[in-house]
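K.L.:
Those protein sequence lines, which keep their order, are chains Y and C. Note that numbering that gives the first Met the number 0 has the first sequence beginning at 0, numbered continuously upward. Note that numbering that gives the first Met the number 0 has the second sequence beginning at 0, numbered continuously upward. Dropping a structure here in structure tokens format, bear with me for questions.
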Amino acid sequence: MKRSWGLLLIAWVIAVAATAGALFIGEVMGMTPCLLCWYQRICMFPMAIVLGIACYSEDRRGAIYALPLAMGGIALAGYHTLLVAGLIPRAWIPCTAGVSCADQKLDIFNGIQIPWLSLAAFSLILSLLTIYLRKTAK
Amino acid sequence: MNSKKLTVAILLGIVLIAFLFGMYNYQRRVQSSQEQRVTLQKGLLVRMHSPVFGPTNAPVTIVEFFDPACETCRAFYPIVKDLLRKYPNDVRLVLRYAPFHPGSDQVAKLLEAAKRQDKYWPVLEMVLAEQPNWADHGTPNLELAYKAAEKAGLNLKQALVDAATLAVDAVLKQDIEDLTSFEVTKTPTFFVNGRGLPSFGPDQLATLVAEEVAKAKK
């Protein structure tokens, strides 16, 4: 039991780190998030709270509530990653005023792009939650 | 509190501290890079064409990068004016344009045209006073801004002709070029004798001005 709680904790820490990172880029560095980033935020930010409560009160249901958020996040981040990589033709998306999703302006740690990080975070969280739920299933 | 709860609380605290620490460092880096640029090209802060308010040979110069459609600039206008009133012989205000909002460039050009009719400050004040009416973000109503300028005594017909001249266009282009090289991204951005605000706020501006005035009096 103790070890499986650790899985939940790691999943939560990833969500919190991703949330803090997104807020830092948006609010401190002043980069306006693009539309796809917003949708990924919608999936990530609640997990930082839900999983936190789940860890704090050792509530297995928190992992279940976070599951759809993680899945939605993977779908969005996967699409965003393909878009940035140029594997989805950009002509499919009409131009709108605002920030372009395809034109990635920011990379940190020598060329690691934010959508990749987002995809990695969502995937890790989903795997951890799945393992946790299997281990704690009765 | 059991150890699990404690772990959650401690981790949360670590993330929070890391965030604040990162924020502090980032902002300091941005500011020092801007300060460096300003010190290197101090002369470019005030251009020949820049409108000046107050004694021309005042020892302290407040340079304000401003946007006629920016609410914060509107809110700061009386604050800056109070500072000028407080130090009538020592402080002058120099305005630079930072037309970040749609339509702002047109209004800035109109202000430049108003300068030729010697109506710069009354037109500026009227345009700022009426700003809530014309400067709807995204869909500014320039007609209302022009009407406000007319109310301040501007010959609008002549002003619109003047505003369309290459000379006025060049003024705006120059200001945009300078704000880019000074890394100005927000309005209003103040420089008092080339020094930026340590953090944004009216008190910080007043303190900086007071410091520079005291320095000049020595």
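All C-beta atoms, glycine included, are put in the ideal place defined by N, C-alpha and C.
Verify whether the separation of the beta carbon atoms of residue 7 of chain Y and residue 62 of chain Y is less than 8 Å.
P.N.:
In this structure, residue 7 of chain Y places its C-beta atom within 8 Å of the C-beta atom of residue 62 of chain Y.
K.L.:
Quick check: the Cα distance between residue 87 of chain C and residue 94 of chain C, rounded to an integer number of angstroms?
P.N.:
17 Å
K.L.:
Can you name the start and end residues of the beta strand (DSSP E) that residue 59 of chain Y belongs to?
P.N.:
Run containing residue 59 of chain Y: none; DSSP gives neither H nor E here.
K.L.:
Pick out the complete beta strand (DSSP E) segments inside the stretch 7–61 of chain Y, 3 residues or longer, and give them in chain order.
P.N.:
none
K.L.:
Can you check the stretch 70–137 of chain C for any beta strand (DSSP E) of at least 3 residues that lies completely inside it and give the ranges in chain order?
P.N.:
90–96
K.L.:
Along chain C, in chain order, which residues have C-beta atoms closer than 8 Å to that of residue 51 of chain Y?
P.N.:
Ordered by position in chain C, the residues that pass the 8 Å Cβ test against residue 51 of chain Y are 7, 11.
K.L.:
Identify which residue in Y/35, Y/18, Y/134 has its Cα closest to the Cα of residue 80 of chain Y.
P.N.:
Y/35
K.L.:
Looking at the C-beta of residue 99 of chain C, does it have a partner C-beta in chain Y at a distance below 8 Å?
P.N.:
no
K.L.:
Tell me, please, whether the CB atom of residue 55 of chain Y is closer than 8 Å to any CB atom in chain C?
P.N.:
Closer than 8 Å: yes.
K.L.:
Tell me whether the beta-carbon of residue 33 of chain C lies closer than 8 Å to the beta-carbon of residue 182 of chain C.
P.N.:
yes
K.L.:
What would DSSP say about residue 61 of chain C, mapped onto helix, strand or coil?
P.N.:
strand
K.L.:
Starting from residue 20 of chain C and walking both ways along the alpha helix (DSSP H), at which residues does that stretch end?
P.N.:
2–39
K.L.:
Using C-beta distances below 7 Å, list every residue in its chain close to residue 130 of chain Y, excluding the 5 sequence neighbours before and after it, in chain order.
P.N.:
Cβ within range, chain order: 6.
K.L.:
Under 9 Å, CB to CB, which of the residues in the stretch 21–46 of chain Y have a partner in chain C?
P.N.:
Those residues of the stretch 21–46 of chain Y that come within reach of chain C (Cβ to Cβ, closer than 9 Å) are 22, 23, 26, 27, 28, 29.
K.L.:
Check the Cβ-Cβ distances between residue 14 of chain C and every residue of chain Y, and say whether any is below 8 Å.
P.N.:
yes
K.L.:
Do residue 99 of chain C and residue 66 of chain C have their beta-carbon atoms positioned less than 8 Å apart in this structure?
P.N.:
yes
K.L.:
Taking only beta-carbon atoms, is residue 138 of chain Y less than 8 Å away from chain C?
P.N.:
With chain Y covering only 0 through 137, there is no way to say anything about residue 138 of chain Y.
K.L.:
Would you list the one or two residues that DSSP bridges to residue 189 of chain C?
P.N.:
C/63
K.L.:
Note down, in chain order, all residues in the stretch 171–197 of chain C with a beta-carbon under 9 Å from any beta-carbon belonging to chain Y.
P.N.:
184, 185
K.L.:
Using the C-alpha atoms, what's the distance from residue 25 of chain Y back to residue 58 of chain Y?
P.N.:
32 Å
K.L.:
Buried or exposed: residue 202 of chain C, going by 16 or more other Cβ atoms within 10 Å of its Cβ?
P.N.:
It counts as exposed.
K.L.:
At what residues does the alpha helix (DSSP H) containing residue 160 of chain C begin and finish?
P.N.:
155–162
K.L.:
Starting from the C-beta of residue 167 of chain C, find all residues in its chain whose C-beta is less than 7 Å away, skip the five residues before and the five after it, and write them out in chain order.
P.N.:
108, 111, 112, 161
K.L.:
Do you know offhand how far residue 46 of chain Y's Cα is from residue 35 of chain C's?
P.N.:
Their Cα atoms are separated by approximately 42 Å.
K.L.:
Taking buried to mean at least 16 other C-beta atoms within 10 Å of its own C-beta, is residue 94 of chain Y buried or exposed?
P.N.:
Here residue 94 of chain Y scores only 49 on pLDDT, less than 50, and its place in the model should not be relied on; the value that follows carries that caveat. Under this definition residue 94 of chain Y is an exposed residue.
K.L.:
Find the residues of chain C that neighbour residue 16 of chain Y, judging by a C-beta separation of less than 8 Å, and give them in chain order.
P.N.:
14
K.L.:
Leaving out five residues before and five after residue 48 of chain C in sequence, what residues of the same chain have Cβ atoms less than 6 Å from its Cβ?
P.N.:
The residues are 170.
K.L.:
Show which residues of chain Y have a CB atom less than 7 Å away from the CB atom of residue 18 of chain C.
P.N.:
19, 23
K.L.:
Measure from the C-beta of residue 3 of chain C to each C-beta in chain Y and report whether the shortest distance is under 8 Å.
P.N.:
yes
K.L.:
Does chain Y have any CB closer than 8 Å to the CB of residue 25 of chain C?
P.N.:
yes
K.L.:
Is residue 206 of chain C close to chain Y, meaning its C-beta is less than 8 Å from at least one C-beta of that chain?
P.N.:
no
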